[in-house]
Amino acid sequence: MPDACPPYANKRRDGRELLLEARGVEVRIEGAEIVRGADLDLGAGELVAIVGPNGAGKSTLVRAVCGLQKPSAGTVRWSGRELATMRGRELARARAFVPQRMPVPAGVSVREAVAIGRSAHLRPLARMTGGDRAGIAAAMERAGAGAFAERALATLSGGELQRVQIAIGLAQEAPVLIADEPTSQLDLGATIDVAGLLRELVDDGLGALVVVHDLALAAAIADRVVVVHEGDTEAAGAPAAVLTPERLARVWRAEANLTAAGGRTALHVAWLDRAER
Amino acid sequence: MARRTAVFAALIAALLVATGASLALGAVKLPIAEVLEILFGDGGHGPNHQIVTALRLPRTIEALAVGAALGVAGAVLQGALANPLASPDVIGVTGGAGFGAVLILILFPASIALVPVSALVFGLLAAALVFGFAWSGRNRGSTGKIVLAGIAMLSLFTAATTGLLASFPERAPSALFFVAGGLTDAGWEGLRTTWPYFAAGGLLAALLIRPLDRLALGDDVAASLGSRPQLIRLCAGVSAALLAAAAAAIAGLLGFLGLVVPHIVRMAGGTSSQTFVVPASALGGAALLAAADTLARTVRAPIELPVGPFMVVLGVPVFLYLLRKAV
Chain Y
1 MPDACPPYAN KRRDGRELLL EARGVEVRIE GAEIVRGADL DLGAGELVAI VGPNGAGKST
61 LVRAVCGLQK PSAGTVRWSG RELATMRGRE LARARAFVPQ RMPVPAGVSV REAVAIGRSA
121 HLRPLARMTG GDRAGIAAAM ERAGAGAFAE RALATLSGGE LQRVQIAIGL AQEAPVLIAD
181 EPTSQLDLGA TIDVAGLLRE LVDDGLGALV VVHDLALAAA IADRVVVVHE GDTEAAGAPA
241 AVLTPERLAR VWRAEANLTA AGGRTALHVA WLDRAER
Chain S
1001 MARRTAVFAA LIAALLVATG ASLALGAVKL PIAEVLEILF GDGGHGPNHQ IVTALRLPRT
1061 IEALAVGAAL GVAGAVLQGA LANPLASPDV IGVTGGAGFG AVLILILFPA SIALVPVSAL
1121 VFGLLAAALV FGFAWSGRNR GSTGKIVLAG IAMLSLFTAA TTGLLASFPE RAPSALFFVA
1181 GGLTDAGWEG LRTTWPYFAA GGLLAALLIR PLDRLALGDD VAASLGSRPQ LIRLCAGVSA
1241 ALLAAAAAAI AGLLGFLGLV VPHIVRMAGG TSSQTFVVPA SALGGAALLA AADTLARTVR
1301 APIELPVGPF MVVLGVPVFL YLLRKAV
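Line by line, the protein sequences are chains Y and S. Counted the way our numbering counts, the first sequence spans residues 1 to 277. Counted the way our numbering counts, the second sequence spans residues 1001 to 1327.
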């Protein structure tokens, strides 16, 4: 029962440049409808968290708007250009996708991995220029990976590897970074680091679309939260307005409420009190 | 970086030594100065001139081309399939080429000149079948599907080859040399037919270096960078098929080289970055095959032994040594 908070009833409230505009996106995988009629907007300098229960279609939706998964219906526009008509190189400069955890090839250093992220700017067989090298160094610096630039990927901790993955995305120099559960395998300290990094990048003007499982984290870092439920974007808006106890009960089947004060957020959950449901 | 430069330098040195030995040694041993004189100076027109220019030079070039091709084919496939066991065997090329050659040698021994062409055609046919099956139905183009289709096709063609050999035991010895793998003194004939395939496969491999490095960070990162992971795998398969089929047409079945050389250079260089592995595999494969071929025709001269077994004898100890150090 979609309710009080229709996703995009009106156009953007502020004058921010709209980088991503997705309408009525549907994805079918082997006949099964995973995403149906989802809408999504993202502006520059905005962090949008995609939340929803397991199997709701969050990752599939994000992959579809990125061009990693072919949608069966709907339109996706990146800075006004139709996704379906964009070439690979063009797409690489429109958005960067950071997977949950990438494979780690043996003997490849952080700098080399980030250089691979830069390759979307190079012509086939062309050599890297000084500008490319500077771009690689800047991406590592912004992601806080500069301190271990010469280390092999295989020697990094989970948090360090996530910084490198974000640096690879930044090396693409796209205005939008899309991350699929960037903190799901990290401990508390590393999660705080990565969350802070994403927020910082957004405050510097990047648009970020982040799939998040942890609702308290989503509420803390996101400008807007989009709830995906049964393949549909059923609500979008400020975290406090969207993550209401009623919705937590209906979508997540959880008796819980979200509190936010002074930059701290908490999800108060009745962990064992599920009898009446 | 310094380590990679050192490995490159060592490979180039090995390549030069192997090339020199391949030109100088054989049933008739020539001093290297005389070889250089014949090739670059005014070496006259004596019998030694004939030996070097008509027999040893084409054979050396063949060894270098075949070795480089198999090294690159293995490197590109292992990168594209993210599987350390990948080699030209795994996409069916070796099995197909073996069948193509044995078919001519056993059933049409009078048309022996067709052996390279038949090996090439059947090698590419087998690879095309593998990719055709791997790219149909669900999960098209996945690594698992390619490898399984390849192994199925390899089994099929190997069974057909064995069947032919068993049905005509009196003609089997003529085919044995091809199956074991080895180079011959047939002059420029083999390269004249196959060079376009070497060139096309090599060029495609060079273009694939950067896409393969992206693929090493996973399909999602490659897609984020605007590449299509399945297309990269398909192109890698085509490149490896061209190189391995051309190599088999000239030198028979030397699958071991394609499997082992990329591993050797990866372990020696301490990196799996394709910018290093692909060119280093070309150098290493060329050096290894030239050295093995020289050994194969000198240890029991004037009898020539097939190079396949020799390469295994040369390559396996190095491989096992590095393997022990690596893990």
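The beta carbon of each residue, even a glycine, is placed where N, CA and C say it ideally should be. It should be emphasised that the depicted structure is a prediction, and the values quoted were computed from it without experimental measurement.
C-alpha distance - residue i paired with residue j, whole-angstrom precision
i, j, result
"R1059 of chain S", "Y1321 of chain S", "30 Å"
"A241 of chain Y", "S109 of chain Y", "44 Å"
"G37 of chain Y", "A254 of chain Y", "25 Å"
"A22 of chain Y", "L209 of chain Y", "13 Å"
"A1152 of chain S", "Q1230 of chain S", "21 Å"
"V211 of chain Y", "C66 of chain Y", "13 Å"
"V1117 of chain S", "F1008 of chain S", "34 Å"
"I1032 of chain S", "V1299 of chain S", "19 Å"
"A179 of chain Y", "L1129 of chain S", "38 Å"
"G1020 of chain S", "L1191 of chain S", "20 Å"
"L1289 of chain S", "S1281 of chain S", "12 Å"
"P182 of chain Y", "R101 of chain Y", "8 Å"
"R1297 of chain S", "V1028 of chain S", "11 Å"
"L18 of chain Y", "A216 of chain Y", "26 Å"
"G24 of chain Y", "T75 of chain Y", "7 Å"
"L47 of chain Y", "R199 of chain Y", "7 Å"
"V1277 of chain S", "R1266 of chain S", "6 Å"
"V164 of chain Y", "P99 of chain Y", "12 Å"
7 Å Cβ cutoff, residue i in contact with chain Y
i, result
"I1012 of chain S", "no"
"A1223 of chain S", "yes"
"T1271 of chain S", "yes"
"L1323 of chain S", "no"
"D1089 of chain S", "no"
"V1327 of chain S", "For V1327 of chain S, the predicted structure reports a pLDDT of 46, less than 50, and the residue's modelled location is therefore unreliable. A value from the coordinates is still provided. No, its Cβ sits nowhere closer than 7 Å to a Cβ of chain Y."
"G1137 of chain S", "no"
"G1345 of chain S", "Any answer about residue 1345 of chain S is impossible in this case: the structure gives chain S only from 1001 up to 1327."
Opposing strand residues paired with residue i [DSSP bridges]
i, result
"T1298 of chain S", "DSSP output for T1298 of chain S lists no bridge partner at all."
"V228 of chain Y", "Y:T233"
"D41 of chain Y", "Y:E21"
"L47 of chain Y", "Y:A208"
"L267 of chain Y", "Y:L258"
"D180 of chain Y", "Y:V211"
"I29 of chain Y", "Y:A32"
"E82 of chain Y", "Y:R77"
Min CB distance residue i to chain S below 7 Å
i, result
"E112 of chain Y", "yes"
"F97 of chain Y", "yes"
"I192 of chain Y", "no"
"I50 of chain Y", "no"
"L68 of chain Y", "yes"
"G207 of chain Y", "no"
"A139 of chain Y", "no"
"P71 of chain Y", "no"
"G107 of chain Y", "yes"
"M128 of chain Y", "no"
"I221 of chain Y", "no"
"A120 of chain Y", "yes"
"G116 of chain Y", "The residue you asked about is not Gly; residue 116 of chain Y is Ile in the sequence shown. It does: the Cβ of I116 of chain Y has a partner Cβ on chain S nearer than 7 Å."
"P182 of chain Y", "no"
"P103 of chain Y", "yes"
DSSP three-state assignment for residue i, whether helix, strand or coil
i, result
"N312 of chain Y", "Chain Y is shown from 1 up to 277; residue 312 of chain Y falls before or after that span and cannot be answered."
"N1139 of chain S", "coil"
"R77 of chain Y", "strand"
"E112 of chain Y", "helix"
"N257 of chain Y", "strand"
"L1164 of chain S", "helix"
"L1322 of chain S", "helix"
"R123 of chain Y", "coil"
"V1115 of chain S", "helix"
"L1154 of chain S", "helix"
"I1209 of chain S", "helix"
"A1159 of chain S", "helix"
"A1073 of chain S", "helix"
"F97 of chain Y", "strand"
"E160 of chain Y", "helix"
"A149 of chain Y", "coil"
"I1303 of chain S", "coil"
Residue i beta carbon near the ligand NAD (any heavy atom closer than 6 Å)
i, result
"L1081 of chain S", "Among the components of this structure there are no ligands whatsoever, and the ligand NAD is therefore not found."
Can you pull out the residues from the region 76-91 of chain Y whose beta carbon lies closer than 8 Å to at least one beta carbon of chain S?
R87, G88, R89, E90, L91
Can you give me, in chain order, the residues of the region 1200-1224 of chain S that have a beta carbon less than 8 Å from any beta carbon in chain Y?
A1206, L1207, R1210, D1213, R1214, A1216, L1217, G1218, D1220, V1221, A1223, S1224
May I ask you to list, following chain order, the residues of the region 146-168 of chain Y that have a beta carbon less than 7 Å from some beta carbon of chain S?
I168
Using a beta-carbon distance cut-off of less than 9 Å, what residues from the region 1225-1237 of chain S approach chain Y?
L1225, G1226, S1227, R1228
Using a Cβ cut-off of 8 Å, which residues of the region 21-36 of chain Y contact any Cβ in chain S, in chain order?
E30
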